[in-house]
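Okay, structure first, notes after.
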């Protein structure tokens with residue numbers, strides 16, 4: 085089973101939920117892998133302190149033009165939708181950082197003058213943190229194309245029974261790439277106007293992908309039921325409510341897993357897992373458009 | 143006109159709350175919300191929308207079922223797994239194919255190579271952008287469509303329009319609320335800006351992500367001012383962030399305390415300086431003074 089931990093708004097507690105869930109489930113004997121797909125700002129390692137066994141460069145295919153063979157026909161520039169290859173006065177110039185790696189230019193070239201070479205955009209790393217299998221991607225600073233890297237990290241083969249995917253924030257390509265193929269999505273929110281506004285956007289995204297889902301309300305306060313109201317209106321289940329607690333924020337700030345620093349938090353994540361299992365096996369509730 | 147971009151690396155550090163406060167403190171600013179896939183600034187600025195525009199960031203492939211011969215060329219050439227094979231009902235006829243719009247990157251390779259020319263390759267509608275009026279000044283903002291891409295292009299569009307308005311109206315400051323991360327939309331929001339304000343928090347993640355986003359600003363040659371929000375969650379680390387920032391040649395814009403009034407302000411649809419006249423408001427004002435001094439080149443520290 086693969087579950088993705090996502091959110092529209094950043095900083096709602098995705099990494100806290102993903103790492104704590106991985107920790108408590110690994111303790112129960114389940115073989116768990118934590119996958120950090122927030123490749124722009126991967127943070128899981130700061131809490132899990134994994135030993136990295138393997139670090140592989142991740143590349144995207146970009147064109148390399150053989151000037152001897154090039155006939156200057158300009159078809160490569162014509163097929164490219166990203167302005168990554170241009171043909172000026174029968175001379176071809178490439179802009180590799182704009183290339184999406186679609187391979188159109190190499191395929192269309194009648195002279196066989198274009199071959200594709202790998203351009204490094206970051207690394208994919210695998211390792212282990214006590215009982216948890218660990219994998220993460222790390223985008224090189226200055227690179228724009230995080231989805232290519234996310235795709236490659238997401239698809240690293242596993243022997244684990246459960247994959248927990250820590251997704252990047254937002255609702256566009258990076259988040260979608262991370263969530264794609266998951267069996268269940270947990271959307272982490274906080275009961276604030278910003279949190280709920282972005283939760284609505286994230287829910288629309290997950291609904292579009294047609295993946296069963298539930299919400300985790302982080303920093304829940306008994307006197308603030310705005311998240312409950314929102315979820316009931318949107319017909320989405322709440323799988324956990326994690327209380328607002330300054331001690332959790334302080335433990336987090338130091339890089340301590342809340343479930344280790346404050347063991348009384350373990351039941352929240354065990355219950356969360358039980359709820360996910362219940363919801364994942366049932367059909368998702370119908371949501372109004 | 144000085145363009146100031148507010149980003150953070152890590153999400154949820156308080157970018158939008160601070161941008162809103164800066165909007166209230168700046169005289170005659172123009173505002174741009176460049177966090178186009180999770181925009182929140184409008185929730186506290188309550189804009190009155192004056193103009194709505196369609197945004198098309200590229201093209202999208204669509205297969206006409208009655209022209210598809212089932213040759214599978216599209217499936218073979220697509221690198222993004224965006225072609226879905228739909229088996230024929232009778233098990234004898236060839237399958238036909240459809241494009242998964244969410245996975246499609248708009249490269250058009252399928253359309254180019256399709257033998258019966260069954261692939262239509264048309265401009266996609268990826269979202270909308272708006273020019274609005276708020277109580278502090280003009281706001282340019284956007285809404286990316288559900289599960290759409292090309293957020294970087296939309297960011298560039300929003301920024302350019304905001305810049306144009308700021309110049310026309312002779313506004314001294316353009317304040318840009320950016321998105322978390324260091325990827326495409328962030329790069330699109332900061333290239334060529336006068337100052338990047340990085341809002342961080344004193345946590346291991348805040349510190350880690352600050353280093354990466356500061357490197358990104360350096361990569362593009364843009365001066366950086368660091369602001370530590372929620373500083374009292376871990377005062378030791380807040381101090382360490384300041385020392386390390388200064389050692390790396392970054393300016394330090396100050397600290398803001400952790401305060402529940404930040405959420406209360408959101409609920410009241412107000413900026414934190416309108417809502418709080420106490421310590422929180424004071425701290426934010428001090429940060430803004432330092433930010434403007436840095437942006438205007440009046441800071442000698």
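Residue numbers (my numbering), protein chains in the order written: chain A, 85 to 373; chain B, 143 to 443.
By construction, the Cβ of each residue, glycine as well, lies at the ideal position given by its N, Cα and C atoms.
Between residue i and chain A, is the shortest Cβ-Cβ distance under 7 Å, so that the two count as touching?
| i | result |
| --- | --- |
| residue 262(B) | no |
| residue 218(B) | no |
| residue 268(B) | no |
| residue 427(B) | no |
| residue 148(B) | no |
| residue 104(B) | For chain B, the structure presents residues 143 to 443; residue 104(B) sits outside this window and is missing. |
| residue 289(B) | yes |
| residue 358(B) | yes |
| residue 251(B) | yes |
| residue 344(B) | yes |
| residue 324(B) | yes |
| residue 405(B) | yes |
Answer yes or no: does any C-beta atom of chain B fall closer than 7 Å to that of residue i?
| i | result |
| --- | --- |
| residue 285(A) | yes |
| residue 276(A) | yes |
| residue 305(A) | no |
| residue 170(A) | no |
| residue 139(A) | no |
| residue 371(A) | The pLDDT assigned to residue 371(A) is 45, lower than 50, so where the model puts this residue is not dependable, and the model offers no usable value. |
| residue 225(A) | yes |
| residue 130(A) | yes |
| residue 319(A) | no |
| residue 86(A) | no |
| residue 292(A) | yes |
| residue 228(A) | yes |
Is residue j closer than 7 Å to residue i when the C-beta atoms are compared?
| i | j | result |
| --- | --- | --- |
| residue 371(B) | residue 343(B) | yes |
| residue 90(A) | residue 263(A) | yes |
| residue 116(A) | residue 102(A) | no |
| residue 148(A) | residue 201(A) | yes |
| residue 137(A) | residue 196(A) | no |
| residue 203(B) | residue 241(B) | yes |
| residue 228(A) | residue 287(B) | no |
| residue 314(B) | residue 321(B) | no |
| residue 225(A) | residue 358(B) | yes |
| residue 227(B) | residue 237(B) | yes |
| residue 341(B) | residue 198(B) | no |
| residue 436(B) | residue 337(B) | yes |
Do you know how far the Cα of residue j is from the Cα of residue i?
| i | j | result |
| --- | --- | --- |
| residue 368(A) | residue 302(A) | With a pLDDT of only 48 at residue 368(A), under 50, the local geometry of the prediction cannot be trusted, and no value is derived from it. |
| residue 271(A) | residue 289(A) | 11 Å |
| residue 143(A) | residue 232(B) | 42 Å |
| residue 249(A) | residue 158(A) | 42 Å |
| residue 346(B) | residue 339(A) | 6 Å |
| residue 427(B) | residue 305(B) | 24 Å |
| residue 396(B) | residue 350(B) | 19 Å |
| residue 377(B) | residue 403(B) | 19 Å |
| residue 256(B) | residue 263(B) | 11 Å |
| residue 366(B) | residue 390(B) | 10 Å |
| residue 312(A) | residue 97(A) | 18 Å |
| residue 285(B) | residue 196(B) | 10 Å |
| residue 167(A) | residue 172(B) | 31 Å |
| residue 329(B) | residue 294(B) | 8 Å |
| residue 163(A) | residue 207(A) | 29 Å |
| residue 241(A) | residue 124(A) | 21 Å |
| residue 171(A) | residue 218(B) | 27 Å |
| residue 318(B) | residue 164(B) | 10 Å |
| residue 371(A) | residue 379(B) | Confidence in residue 371(A) is poor, its pLDDT being 45 and thus under 50, which makes the residue's placement unreliable; the coordinate value appears in the next sentence. Distance between the alpha carbons of residue 371(A) and residue 379(B) is about 44 Å. |
| residue 440(B) | residue 323(B) | 30 Å |
| residue 236(A) | residue 252(B) | 22 Å |
Heavy atom of the ligand PLP less than 6 Å from the Cβ of residue i, yes or no?
| i | result |
| --- | --- |
| residue 256(A) | Only the bare structure without any ligand can be found here, which leaves the ligand PLP out of the picture. |
Item to complete: Would you mind listing the beta strand (DSSP E) stretches within the region 195-239 of chain B that are 3+ residues and don't spill past its ends, in chain order?
Response: Runs found: 201-205 and 225-228.
Practice prompt. Report the residue ranges of all alpha helix (DSSP H) runs contained in full by the region 227-284 of chain A; include only those spanning at least 4 residues, in chain order.
Written response: Fully enclosed alpha helix (DSSP H) runs of 4 or longer: 230-238 and 257-263.
Practice prompt. Enumerate, from N- to C-terminal direction, the unbroken beta strand (DSSP E) stretches of 3 or more residues contained entirely within the region 376-421 of chain B.
Written response: 393-397
Fill in: alpha helix (DSSP H) runs contained entirely in the region 292-356 of chain B, provided each spans 4 or more residues
293-310 and 326-332
Discussion item. Please list, in chain order, the residues of the region 324-357 of chain A that have any C-beta partner in chain B closer than 8 Å.
Written reply: 330, 333, 334, 336, 337, 338 and 339
Fill in: Uninterrupted alpha helix (DSSP H) stretches inside the region 87-171 of chain A (no shorter than 4 residues)
With a minimum length of 4 residues, the continuous alpha helix (DSSP H) runs that stay inside the region 87-171 of chain A are 98-111, 128-132 and 159-163.
Discussion item. So if I threshold CB-CB distances at 7 Å, which residues from the region 372-390 of chain B count as touching chain A?
Written reply: 375, 376 and 379
Practice prompt. Please name the residues in the region 89-107 of chain A whose beta-carbon is closer than 9 Å to at least one beta-carbon of chain B, in chain order.
Written response: 91, 92, 93, 94, 95, 96, 97, 98 and 99
Discussion item. So if I threshold CB-CB distances at 7 Å, which residues from the region 246-257 of chain A count as touching chain B?
Written reply: 252, 253, 254, 255, 256 and 257
Practice prompt. Mind checking the region 189-207 of chain B against chain A and listing, in chain order, the residues whose C-beta falls within less than 9 Å of any C-beta there?
Written response: Residues of the region 189-207 of chain B with a C-beta less than 9 Å from any C-beta of chain A: 200 and 201, listed in chain order.
Practice prompt. Please list the segments of the beta strand (DSSP E) lying wholly inside the region 308-368 of chain A, counting only runs of 3 or more residues, in order along the chain.
Written response: 322-327
Practice prompt. Please list the residues of the region 226-258 of chain B that have a C-beta atom closer than 8 Å to any C-beta atom in chain A, keeping them in chain order.
Written response: 244, 245, 247, 248, 249, 250, 251, 254 and 255
Practice prompt. With 7 Å as the C-beta to C-beta threshold (strictly closer), list the residues of the region 135-168 of chain A near chain B in chain order.
Written response: Residues of the region 135-168 of chain A whose Cβ lies closer than 7 Å to any Cβ of chain B, in chain order: 163 and 165.
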